[in-house]
Structure formats: structure tokens, C-alpha cells
Amino acid sequence: MPGALKRAVGRLFGRPRGRTPEPAPDPAVVSRVGTAIARYAGEHATLIERAERFAAKARRLEEAGTPSESANNRAARAREAVETGLAALRGAFVASDGEEGGEAFDREVGRRLPALKPHGPYT
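This is the structure in C-alpha cells:
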């Protein structure tokens, strides 16, 4: 179906034309979040590296066809330790900046720590 025809049918049935863009986050909040995450990552570098290492090992074993429950458990515990610290840090941003601070925090964690990309908000 040609694009013009789709748009015409969409307007006829009252569908929105396109997605409404999300409002841009406050640059001051994003900057504060970035600084806090960088500081946390620096202070807890060994913990983060350990979580990444254990996750990679568990993934390698799984892909090799020899899944290891103990490797998965170690990876989960290491990730949980990192997430606990991040959850406390996120809570501080939500308390001071509301939900906008929490959303900015989640975006920055996904950008700066891709191996620990959040499954959802750290709450």
C-alpha cells in the first residue's frame, strides 16, 4: 500500500500521524547523573568488572553447550551487588528530581554501562 494512501486512511480513522517525540531531558539533570555514575563506576570498578567477567563466562559456557548453574549463580550475585549500589544512587536522583531524574539515570546507565543495561528501573 503506498505511503500516501496509508496516511489518508490513517487520518480518516483518526490515527495519529506519527509518534510524538519525547521531551528533551533537562541538561543539568543529565550532567549530574553522568557525573554520579562515572564516580560510582570509578569507585566500584572492580565490582563492575567482576560482574562483566562472570556474565561473559556464563554466556560462553552456555554457548558451548555446557551450561553451569554455579557460573550463572556467580554472575547473578555479582550483577546483584552492582545493581544494589545503582539502585541506591537512582533513589537519590528520584528523590531530588522526581521521575525525570530516574529516567535520566536509567538512560545513562544503559549508555555508560552497556553490559549492565537495566532490565527496568533500579527501584
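Heads up: the sequence shown at position 40 corresponds to 120 in our numbering, and the numbers run straight through without jumps.
Glycine included, every Cβ here is placed at the ideal spot set by N, Cα and C.
- Glycine 182: member of the alpha helix (DSSP H) spanning 179 to 192, first to last residue.
- Of all alpha-carbon atoms in Ala116, Pro105, Ala104, the one lying nearest the alpha-carbon of valine 189 is that of Ala116.
- The segment 158 to 168 and the segment 126 to 145 touch, with no fewer than 3 CB-CB distances between them shorter than 8 Å.
- Its Cα nearest to that of alanine 195, the residue Glu163 stands out among Ala175, Ala172, Glu163.
- In this structure the segment 103 to 118 does not touch the segment 139 to 158; the number of beta carbon pairs closer than 8 Å is below three.
- Each residue's CA atom was taken as its position, placing alanine 151 and alanine 144 some 13 Å apart.
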